[in-house]
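Numbering (this note's numbering), first residue to last: 15 to 137.
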Amino acid sequence: MKRIKPEEITENLSEEQLEVLAEMLDEEPVSKDWIECYKKLTDSQLFQVHNKRGELIDRKEKERLNAMTKEERKKENEKWRIWYENLSPNDFHGNMGEPVTLDEYKSKYGVYPYGYDENGNKL
Numbered sequence: 015m016k017r018i019k020p021e022e023i024t025e026n027l028s029e030e031q032l033e034v035l036a037e038m039l040d041e042e043p044v045s046k047d048w049i050e051c052y053k054k055l056t057d058s059q060l061f062q063v064h065n066k067r068g069e070l071i072d073r074k075e076k077e078r079l080n081a082m083t084k085e086e087r088k089k090e091n092e093k094w095r096i097w098y099e100n101l102s103p104n105d106f107h108g109n110m111g112e113p114v115t116l117d118e119y120k121s122k123y124g125v126y127p128y129g130y131d132e133n134g135n136k137l
């Protein structure tokens, strides 16, 4: 993947710069390169990068849907239909993006949560 250094950021971002910055923004975990570029971006430029990120996400989703067979599409539609039918405004869907298991926590934050030793054993 291409990268941009903070000193390469121009006042008027080109389409290529926007795409590279949007891809950098989409990385998990966020890279140090993105943080340095973020510091240099103006509010207007940051808005452009986030818009470009949305376009890239939409493009990837369209490509995924176009690559599906009719059977896969039928299964996908049925899955969503069932989900919408069973949707309730009072349901709790969890803390999205937060780790559920000890291993996920360790992977995300690099340490075990409070109350566990460095090997993951409960204190």
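By construction, the Cβ of each residue, glycine as well, lies at the ideal position given by its N, Cα and C atoms.
This one's a predicted model, so the numbers in the text were calculated from it and none came from an experiment.
Residue i, DSSP secondary structure in three states
i      : result
LYS143 : As displayed, the chain neither begins before 15 nor continues past 137, which places residue 143 out of reach and without an answer.
TYR123 : helix
TYR130 : strand
GLU118 : helix
PRO113 : coil
Bridge partner(s) assigned by DSSP for residue i
i     : result
TYR98 : According to DSSP, which records beta bridges pairwise, TYR98 is partnered with nothing at all.
With 16 other Cβ atoms within 10 Å as the buried cut-off, status of residue i
i      : result
LEU35  : buried
VAL44  : exposed
LYS93  : exposed
LEU79  : exposed
LEU137 : exposed
(message) For the segment 53 to 73 against the segment 20 to 29, do three or more pairs of beta-carbon atoms, one drawn from each stretch, fall closer than 8 Å, so that the two count as touching?
(response) With the rule of 3 Cβ pairs closer than 8 Å, the segment 53 to 73 counts as touching the segment 20 to 29.
(message) Taking 8 Å as the cut-off, does the segment 60 to 78 touch the segment 87 to 106 (at least 3 CB pairs, one atom from each stretch)?
(response) These segments do not touch.
(request) Mind listing, in chain order, the continuous alpha helix (DSSP H) runs of no fewer than 4 residues lying wholly within the segment 41 to 101? (result) As far as the segment 41 to 101 is concerned, its whole alpha helix (DSSP H) runs of at least 4 residues are 46 to 54, 57 to 81 and 84 to 99.
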